[in-house]
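Here it is as structure tokens:
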């Protein structure tokens with residue numbers, strides 16, 4: 030038996046090489062996983078009063094420094110105050126702090142304008158939760174507000190949105206959002222006169238009362254020192270007074286009433302708080318601060334938010350007015366509003 034061999038010419042050799050290369054590419058394309066590009070439904074937008082609006086994918090969040098929070102407990106919200114407590118479940122979570130996402134976007138308002146800022150977080154269905162600036166940046170609460178993407182060491186699945194919102198220091202699970210898609214930063218529309226007052230050495234007269242207004246119900250009340258003294262008193266033994274403009278001013282004790290008690294007396298239901306609402310405390314010179322319903326009615330740290338009428342066991346002086354707000358747990362005194370002129374509920 031004889032065999033004959035034919036020489037493969039250069040054109041045929043080139044054709045076989047191209048065929049082999051195409052086959053390998055096709056095989057690789059069929060076997061490798063390709064990651065789909067994120068759509069609008071799978072992006073987290075950060076907008077409003079920020080320096081750099083963002084659109085973040087899940088992969089973008091995972092590339093940021095993450096935080097692991099162990100044993101987050103979810104307890105069901107109540108319909109009525111007398112309802113029994115119902116435990117839902119507990120889990121471990123990993124994600125990114127809301128504060129870090131906001132810092133990445135860059136907060137537009139600084140110094141005395143900061144406390145009047147609030148942040149609204151939305152899920153893909155339009156449900157919203159409001160956080161105050163001080164809650165996120167001054168209080169320990171800010172180190173517990175997580176945009177989570179892992180639960181019990183396993184990746185979470187998001188048909189829409191890119192993460193879940195949870196607050197590990199909350200009492201109940203009412204502020205949890207699943208499938209977060211948007212964060213918006215806003216500031217209340219209050220004219221700031223404090224800087225001009227300081228420059229021109231304007232001394233405003235002390236206030237003897239302030240107005241409390243609920244924009245939802247239209248109800249208004251006139252609040253005096255006697256009104257405050259009629260509520261159960263609370264004492265903050267240590268509160269640090271410090272800020273960017275005035276520096277460290279000392280550590281003081283304050284006596285007054287809980288801000289939430291004043292709101293309850295004015296008709297707010299403490300058992301079914303609306304977490305998309307916030308409170309504005311403002312003086313006549315435009316200095317103001319916001320407090321979210323969540324931190325007032327659902328946080329384990331809510332007994333530090335006080336309307337004070339005494340400082341170091343003495344009534345406030347004329348420059349402080351008859352009442353001022355104090356957030357005893359804040360690391361800065363930015364939410365200490367003197368000479369309160371009005372408290373508004375939005």
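Numbering (this note's numbering), first residue to last: 30 to 375. We put the beta carbon where it would ideally sit given N, CA and C, even for glycine.
Quick check: what's the CA-CA separation for residue i versus residue j?
i	j	result
residue 372	residue 244	11 Å
residue 217	residue 142	10 Å
residue 282	residue 84	44 Å
residue 107	residue 118	16 Å
residue 229	residue 184	57 Å
residue 233	residue 360	28 Å
residue 206	residue 128	16 Å
residue 297	residue 363	26 Å
residue 153	residue 179	19 Å
residue 171	residue 350	30 Å
residue 329	residue 198	6 Å
residue 327	residue 286	18 Å
residue 181	residue 121	5 Å
residue 355	residue 290	14 Å
residue 211	residue 347	44 Å
residue 159	residue 319	10 Å
residue 139	residue 147	13 Å
residue 367	residue 325	20 Å
residue 80	residue 331	31 Å
residue 357	residue 72	37 Å
residue 235	residue 353	12 Å
residue 321	residue 82	23 Å
residue 280	residue 271	9 Å
residue 256	residue 308	19 Å
residue 240	residue 124	41 Å
residue 173	residue 102	12 Å
residue 310	residue 265	19 Å
residue 231	residue 317	18 Å
So, is residue i buried or exposed, given that buried needs 16 or more other C-beta atoms within 10 angstroms?
i	result
residue 136	buried
residue 88	exposed
residue 90	buried
residue 344	exposed
residue 134	buried
residue 114	exposed
residue 268	buried
residue 237	exposed
residue 94	exposed
For the beta strand (DSSP E) holding residue i, just list the boundary residues, first then last.
i	result
residue 239	238-243
residue 309	307-312
residue 120	116-126
residue 74	73-77
Which two residues bound the contiguous alpha helix (DSSP H) that contains residue i?
i	result
residue 91	87-91
residue 198	It is not in any alpha helix (DSSP H) - residue 198 carries neither H nor E in the DSSP assignment.
residue 227	223-229
residue 254	254-258
Contact the stretch 221-234 vs the stretch 162-171: 3+ CB pairs below 8 Å: no
Given 8 Å, three or more beta-carbon pairs between the stretch 98-114 and the stretch 292-310: yes
Start-end ranges of the beta strand (DSSP E) lying completely within the stretch 270-302, minimum 3 residues: 276-287
Every unbroken alpha helix (DSSP H) within the stretch 131-205, with a cutoff of 4 residues, ordered by chain: 162-166
Uninterrupted beta strand (DSSP E) stretches inside the stretch 309-370 (no shorter than 3 residues): 317-321, 334-340 and 353-356
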